[in-house]
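Q: Here's a structure for you.
2 protein chains.
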Amino acid sequence: MFEDLSDFHAWLARRRRANTYRITRVPLTDLDGWDFEEETGNLVHRSGQFYSIEGLEVHTDHRAAGSWTQPIIVQPEIGILGILIKEFDGVPHCLMQAKMEPGNINTLQLSPTVQATRSNYSGVHRGQPVPYLEEFVAPRRGRVVFDALQSEQGSWFLTKRNRNLIIEVTGDVPVLDDFCWLSVPQLHELLLVENLVNMDSRTVLAGLPTRPADADTGPIAHDAGALHSTGQILSWLTEAKTRYSLRRRRIPLNAVREWTRSPDEIAHDRGRYFRVIGIDVEASNREVRRWSQPMLAPLYEGVVAFLCRWTGPTYHVLVQARTEAGTADVVEMSPTVTCAPANYEGLPPGRRPLFLDYALAAPASRITLDVRQSEEGGRFWHAENRYLLVDVPDDFPIHVSDDFIWVSVSQLESFVRYGNHVSVEARSLLACLHARLATGAPAAAGGIPAAARPQAAP
Amino acid sequence: MFEDLSDFHAWLARRRRANTYRITRVPLTDLDGWDFEEETGNLVHRSGQFYSIEGLEVHTDHRAAGSWTQPIIVQPEIGILGILIKEFDGVPHCLMQAKMEPGNINTLQLSPTVQATRSNYSGVHRGQPVPYLEEFVAPRRGRVVFDALQSEQGSWFLTKRNRNLIIEVTGDVPVLDDFCWLSVPQLHELLLVENLVNMDSRTVLAGLPTRPADADTGPIAHDAGALHSTGQILSWLTEAKTRYSLRRRRIPLNAVREWTRSPDEIAHDRGRYFRVIGIDVEASNREVRRWSQPMLAPLYEGVVAFLCRWTGPTYHVLVQARTEAGTADVVEMSPTVTCAPANYEGLPPGRRPLFLDYALAAPASRITLDVRQSEEGGRFWHAENRYLLVDVPDDFPIHVSDDFIWVSVSQLESFVRYGNHVSVEARSLLACLHARLATGAPAAAGGIPAAARPQAAP
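Chains as they are written, first to last, in the working numbering: chain R, 1 to 458; chain L, 1 to 458.
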């Protein structure tokens with residue numbers, strides 16, 4: 001435990017020095033254990049496990065491009081992202097891990113207690129056992145605080161899901177090297193630091209109940225003060241799922257159009273979106289000390305933004321019903337803006353994502369959060385997004401388009417509990433929003449009423 | 001409107017006489033507009049619309065048979081099942097339709113106001129417009145009371161869903177022939193009559209809020225008095241979705257093993273499960289007056305049963321996490337028992353469905369509902385299930401198996417609201433359970449406390 005966050009930063013620096021990592025880019029054709037299948041051109045691991053890079057053909061009436069093909073990561077197995085919590089002196093603490101992921105910009109970020117694919121924990125890769133896994137796999141000693149299947153990046157993964165778990169224990173927990181207890185208030189501070197709390201941590205933390213009552217005594221009145229009832233929001237989502245179509249078909253990677261594979265990488269012909277690259281890793285402290293893998297490297301920084309508004313004491317975010325190539329069920333509740341602006345450069349305003357320019361042009365006085373965060377470093381290479389919260393003025397319309405709806409923060413939390421409703425970008429930004437509200441740094445539009453601040457207790 | 005239900009029954013008899021229907025069995029090879037595709041043997045409509053009979057290969061570790069192939073109905077489009085409600089003298093009434101479906105045992109049953117596939121209402125079949133459809137398609141004049149995407153029979157349909165809608169209006173509604181207003185209390189009485197309120201009505205009625213507060217002021221305290229919190233139940237469901245696997249692959253109908261196609265029908269080689277048969281229909285009052293279609297004819301009556309228990313004033317049902325061939329997401333919350341007992345005849349007790357024999361052997365004093373109900377007559381031929389509610393004694397265990405959990409009726413209602421959680425059999429039985437509680441006929445185990453009766457107001 002750390003009295004002060006400067007102690008934590010010193011600890012993190014020590015962990016960084018304690019372990020050595022060497023990450024080297026290599027051509028895809030030189031990846032140890034990985035091959036392009038002869039018939040399909042799919043990039044697969046020799047064991048048939050882990051994940052593969054395949055092709056996807058998409059048809060939808062809910063994106064500017066009605067149909068396209070693209071490379072996509074196929075990883076059908078459900079992994080575990082789990083955070084162990086325990087109260088010390090009445091304050092809930094999370095057991096976090098300083099973890100190297102090869103795609104991390106800064107090598108080490110704060111991961112959940114457990115971040116394991118099924119291949120990890122079923123021993124397919126023949127590494128060491130995953131520490132603390134037994135706390136998350138039934139039968140377990142702790143109390144389940146949060147447990148939901150959640151989607152991951154729909155542009156890059158085909159219907160991938162992870163199980164997000166928060167388990168509370170009261171007994172002794174030995175703290176291994178690379179692990180530390182951080183209080184929820186400390187984590188809130190750290191969520192406002194760029195590229196520190198990793199995506200897996202953020203999506204799990206989005207499920208941390210913000211009011212003590214929530215966990216065990218049932219749903220609270222999520223609709224209190226909200227612009228729309230939960231029933232109206234569910235109907236809006238049903239409407240979107242019915243109105244739009246998303247048809248797709250897995251195709252061989254070598255049937256993907258407008259993308260070219262060289263020995264070195266797979267890249268889009270007009271230099272858009274992402275590349276698939278290969279890396280070799282040597283690490284002194286991972287379950288497996290040396291491995292090779294393909295990674296998806298986005299070419300440009302993204303923007304992930306919620307437009308926000310206070311309605312009396314109730315904070316709302318403008319949620320988008322968004323369709324991605326890999327979305328499991330046509331649409332998910334996504335941030336107001338999720339895109340890489342560079343992919344839309346030079347397009348006339350009418351063909352640029354709605355509210356992108358609004359968010360980018362917002363005056364500093366209305367921006368209550370602006371922090372760069374990384375997406376998952378286990379699959380994505382240096383994937384960085386600018387996370388923004390932008391308060392809108394009172395005269396901003398309530399109804400803006402059938403694809404958007406104002407949802408109170410409390411309502412968004414309740415949809416997170418049910419799983420499969422809220423996109424990973426929205427959950428990740430929600431964790432930062434919780435941090436922003438809890439730390440109570442002066443808000444742009446007159447400050448956040450203290451009464452409205454959620455209590456950060458599990 | 002009917003002062004008395006005898007007036008309703010007289011009206012229904014008149015509607016039966018007012019229209020003529022002729023339903024004839026014909027060989028599959030003689031079905032007008034339908035063909036077996038040469039390459040696959042799939043039974044498809046010449047337009048490429050409606051639905052098709054195809055093959056499915058299933059692998060799962062959550063059924064006695066680990067893997068099998070079977071014919072299955074593929075109908076990707078989302079239909080609408082909608083009930084219009086309106087208050088008369090302060091009592092909510094539903095606009096119901098006396099509708100012929102070719103598979104109905106008794107030709108006419110009570111359908112929702114609108115029961116339309118997308119092919120119906122988009123005019124693919126070139127029939128007359130669907131009456132009242134405009135009340136359900138946005139923009140609509142009424143208030144959305146309930147709106148969720150819900151699954152249908154997972155043994156017979158591949159991930160089929162319909163949109164279940166309840167819309168409340170205050171303005172004038174002309175009542176067409178074959179339609180009538182029934183009050184919610186009257187519908188509750190009729191739900192206890194066998195084969196009268198059809199499956200589509202039952203699944204929609206399961207979404208009718210049982211407390212006035214539910215519809216607009218947000219989630220109520222569903223967990224009050226419940227044996228498990230909503231969070232625990234969600235975790236139980238997540239656990240089941242993670243623990244079990246369901247992999248499947250569409251295969252050509254002619255690659256299905258252990259089933260044989262004759263010109264007349266498709267049947268299982270050992271006389272189990274169902275047959276696929278063909279019928280010709282002539283009706284005097286349908287959008288299309290004459291058509292042919294294949295239907296799925298189950299060979300045996302099924303049993304759909306909830307074990308139930310009172311815990312103080314809170315009524316619970318024993319929910320099963322069940323996997324069917326066509327289940328969208330590994331498991332759904334299903335009744336304690338869902339099966340056709342004849343398919344398990346002669347098997348030793350350990351291989352028969354859990355609680356089937358318990359439910360069948362229950363003394364009359366513990367059976368609070370025992371009514372035969374039909375499944376959808378538009379796709380299924382004479383599909384009849386025995387719906388049972390069986391009260392268990394107080395010493396019945398709370399934990400019976402990882403696949404089962406006690407859920408309060410109020411909690412089950414809340415999962416119905418979110419869609420995609422509760423199976424069609426469970427929703428259908430829930431509607432009957434609501435009816436059973438609301439009509440307050442003497443319960444087996446000491447009567448239903450009046451205070452526990454849900455108010456049947458939308």
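Just so it is clear, CB atoms sit at the ideal spot from N, CA and C, and this is done for glycine as well.
If you measure from the beta carbon of L:R322 to each beta carbon in chain R, is any gap under 9 Å?
A: Here residue 322 of chain L refers to the residue found at position 322 when the second sequence is read from its first residue. Cβ-Cβ to chain R under 9 Å: no for L:R322.
Q: Among the candidates R:A328, R:D280 and R:D329, whose CA atom is the shortest distance from the CA of R:W34?
A: Indexing the first sequence from 1 puts residue 34 of chain R at position 34. Ranking R:A328, R:D280 and R:D329 by Cα distance to R:W34 puts R:D280 first.
Q: Please confirm if the stretch 421-431 of chain R is in contact with the stretch 193-212 of chain R, defined as three or more CB-CB distances below 8 Å between the two stretches.
A: They touch, by the three-pair rule.
Q: Note down, in chain order, every chain L residue with its Cβ under 7 Å from the Cβ of R:L149.
A: Looking up residue 149 of chain R in the first sequence gives position 149. Near R:L149 (Cβ distances below 7 Å), the residues of chain L are T238 and K241.
Q: Cutting at 6 Å between CB atoms, please list the residues of its own chain near R:A240, excluding the five before and the five after it.
A: Counting from one through the first sequence, the residue named residue 240 of chain R turns up at place 240. Only A321 and V331 meet the Cβ criterion.
Q: Please check the pair L:I167 and L:E134, which I expect to be a contact at CB under 8 Å, by giving their CB distance rounded to whole angstroms.
A: Along the second sequence, read from residue 1 onward, the residue named residue 167 of chain L stands at position 167. Along the second sequence, read from residue 1 onward, the residue named residue 134 of chain L stands at position 134. In fact, because the Cβ distance is near 11 Å, the residues do not count as touching under 8 Å.
Q: Check this for me: beta carbons of L:V409 and L:Y300, under 9 Å apart or not?
A: In the second sequence, residue 409 of chain L corresponds to position 409, counting from 1. In the second sequence, residue 300 of chain L corresponds to position 300, counting from 1. Going by C-beta atoms, L:V409 is not nearer than 9 Å to L:Y300.
Q: By a C-beta neighbour count over all protein chains shown, 10 Å radius and 16 as the cutoff for buried, is L:A10 buried or exposed?
A: Walking along the second sequence from the start, residue 10 of chain L turns up at place 10. L:A10 is exposed by the Cβ-count criterion.
Q: When the Cα of R:L149 is compared with those of R:L296, R:F157, R:R141 and R:R163, which residue comes out closest?
A: If you number the first sequence from 1, residue 149 of chain R lands on position 149. Among R:L296, R:F157, R:R141 and R:R163, the Cα nearest to that of R:L149 is on R:R163.
Q: So for R:S374, helix, strand or coil by DSSP?
A: Against the first sequence, residue 374 of chain R aligns to sequence position 374. DSSP places R:S374 in strand when its eight states are reduced to three.
Q: Less than 9 Å separating the beta-carbons of R:W406 and R:R309?
A: Numbered from 1 along the first sequence, position 406 holds the residue referred to as residue 406 of chain R. Numbered from 1 along the first sequence, position 309 holds the residue referred to as residue 309 of chain R. Cβ atoms of R:W406 and R:R309: closer than 9 Å.
Q: Pull up the distance between the alpha-carbon of R:A325 and that of L:R141, whole angstroms please.
A: Working through the first sequence from its first residue, we reach residue 325 of chain R at position 325. Working through the second sequence from its first residue, we reach residue 141 of chain L at position 141. About 34 Å.
Q: Quick one: what does DSSP say R:Y418 is sitting in, helix, strand or coil?
A: Counting from 1 along the first sequence, the entry for residue 418 of chain R is found at position 418. Three-state result, R:Y418: helix.
Q: Just how far apart, CA to CA, sit R:G377 and R:K99?
A: Position 377 of the first sequence, counted from the start, is the residue given in the question as residue 377 of chain R. Position 99 of the first sequence, counted from the start, is the residue given in the question as residue 99 of chain R. Between R:G377 and R:K99, the C-alpha separation is close to 10 Å.
Q: Is R:Y21 close to chain L? Criterion is C-beta to C-beta, closer than 9 Å.
A: Here residue 21 of chain R refers to the residue found at position 21 of the first sequence. No - not a single Cβ of chain L is within 9 Å of the one on R:Y21.
Q: For chain R, is any of its Cβ atoms less than 9 Å away from the one on L:A206?
A: Locating residue 206 of chain L in the second sequence gives position 206, counting from the first residue. It does not: the Cβ of L:A206 has no partner Cβ on chain R nearer than 9 Å.
Q: Within the continuous beta strand (DSSP E) that includes L:V319, where are the two ends?
A: For the purposes of this step, residue 319 of chain L is taken as residue 319 along the second sequence, with counting starting at 1. L:V319 -> beta strand (DSSP E) spans T314 to R322.
Q: Specify, as a first and last residue, the run of the beta strand (DSSP E) that R:D11 falls within.
A: As a working note, residue 11 of chain R is residue 11 in the first sequence. It should be pointed out that residue 11 of chain R corresponds to Trp in this sequence rather than to Asp. It is not in any beta strand (DSSP E) - R:W11 instead sits in the alpha helix (DSSP H) that spans L5 to A18.
Q: Take L:G225 as the anchor and find which of L:I53, L:S119 and L:Q411 has the nearest alpha-carbon.
A: Taking the second sequence and counting its residues from 1, the one referred to as residue 225 of chain L is at position 225. Cα-wise, what sits closest to L:G225 is L:Q411.
Q: For a test of the three-state rule: what should DSSP assign to R:H268, helix, strand or coil?
A: As a working note, residue 268 of chain R is residue 268 in the first sequence. In this structure, R:H268 counts as strand in the three-state DSSP scheme.
Q: Apart from the five residues just before and just after R:Y51, which ones in its own chain have a Cβ nearer than 7 Å to its Cβ?
A: The residue given as residue 51 of chain R occupies position 51 in the first sequence. The answer, listed in chain order, is I73, V74 and Q75.
Q: Spatial neighbours of R:D178 within its chain, please: CB distance less than 6 Å, with the 5 preceding and 5 following residues excluded, ordered by chain position.
A: Looking up residue 178 of chain R in the first sequence gives position 178. Result list for R:D178: R15, Q97 and A98, in chain order.
Q: According to DSSP, is L:D280 part of a helix, a strand, or is it coil?
A: Position 280 of the second sequence, counted from the start, is the residue given in the question as residue 280 of chain L. In this structure, L:D280 counts as strand in the three-state DSSP scheme.
Q: Should R:G142 be flagged as near chain L, meaning a C-beta pair shorter than 9 Å?
A: Taking the first sequence and counting its residues from 1, the one referred to as residue 142 of chain R is at position 142. No - not a single Cβ of chain L is within 9 Å of the one on R:G142.
Q: Is it true that the stretch 250-265 of chain L meets the stretch 26-33 of chain L, where meeting means three or more beta-carbon pairs spaced less than 8 Å apart?
A: Output reads yes: the stretch 26-33 of chain L touches the stretch 250-265 of chain L.
Q: Considering only the alpha carbon of each residue, which of R:V197, R:L246 and R:Q49 lies closest to R:A328?
A: Taking the first sequence and counting its residues from 1, one reaches residue 328 of chain R at position 328. Of the candidates R:V197, R:L246 and R:Q49, the one whose C-alpha sits nearest the C-alpha of R:A328 is R:L246.
Q: Return the chain-ordered ranges of every beta strand (DSSP E) run that is complete within the stretch 323-407 of chain L and spans a minimum of 3 residues.
A: Complete beta strand (DSSP E) runs here, min 3: 332-334, 337-339, 367-374 and 384-391.
Q: Can you give me the start and stop residues for the beta strand (DSSP E) that R:M199 sits inside?
A: Locating residue 199 of chain R in the first sequence gives position 199, where the first residue counts as 1. Premise fails: R:M199 lies in the alpha helix (DSSP H), M199 to L205, not in any beta strand (DSSP E).
Q: Closest by CA to R:C94, which one among R:E77, R:T113, R:E101 and R:I105?
A: For the purposes of this step, residue 94 of chain R is identified with residue 94 of the first sequence, where counting begins at 1. When only C-alpha atoms are compared, the closest one is R:T113.
Q: Any beta-carbon of chain L closer than 9 Å to the one on R:V145?
A: Locating residue 145 of chain R in the first sequence gives position 145, counting from the first residue. Chain L, which has a Cβ nearer than 9 Å to the Cβ of R:V145, makes this yes.
Q: Could you name the residues of chain R that L:L234 contacts, counting a contact when the two beta carbons are closer than 8 Å?
A: Taking the first residue of the second sequence as position 1, residue 234 of chain L is located at position 234. By Cβ distance, chain R contributes D147, A148, R417, Y418 and G419.
Q: For chain L, check one thing: does any of its Cβ atoms lie closer than 9 Å to the Cβ of R:D216?
A: If you number the first sequence from 1, residue 216 of chain R lands on position 216. Its pLDDT being 37, under 50, R:D216 is placed unreliably in this model, and the coordinates cannot settle the point.
Q: Do you know whose CA, among R:F88, R:F274 and R:H399, lies nearest R:I233's CA?
A: As a first step, residue 233 of chain R is located in the first sequence; it is residue number 233 there, counting from the start. Checking every option, the nearest Cα to that of R:I233 belongs to R:H399.
Q: Does the beta carbon of L:T60 sit closer than 9 Å to a beta carbon anywhere in chain R?
A: Here residue 60 of chain L corresponds to residue number 60 of the second sequence, with the count starting at 1. Judged by the 9 Å Cβ criterion, L:T60 is not in contact with chain R.
Q: For R:K160, which three-state DSSP category applies?
A: By 1-based counting over the first sequence, the position of residue 160 of chain R is 160. Three-state DSSP puts R:K160 in coil, outside helix and strand.
Q: Tell me the start and end of each unbroken beta strand (DSSP E) in the stretch 7-88 of chain R that is at least 3 residues and wholly inside, in chain order.
A: You should have 21-26, 34-36, 43-45, 52-60, 67-74 and 79-88.
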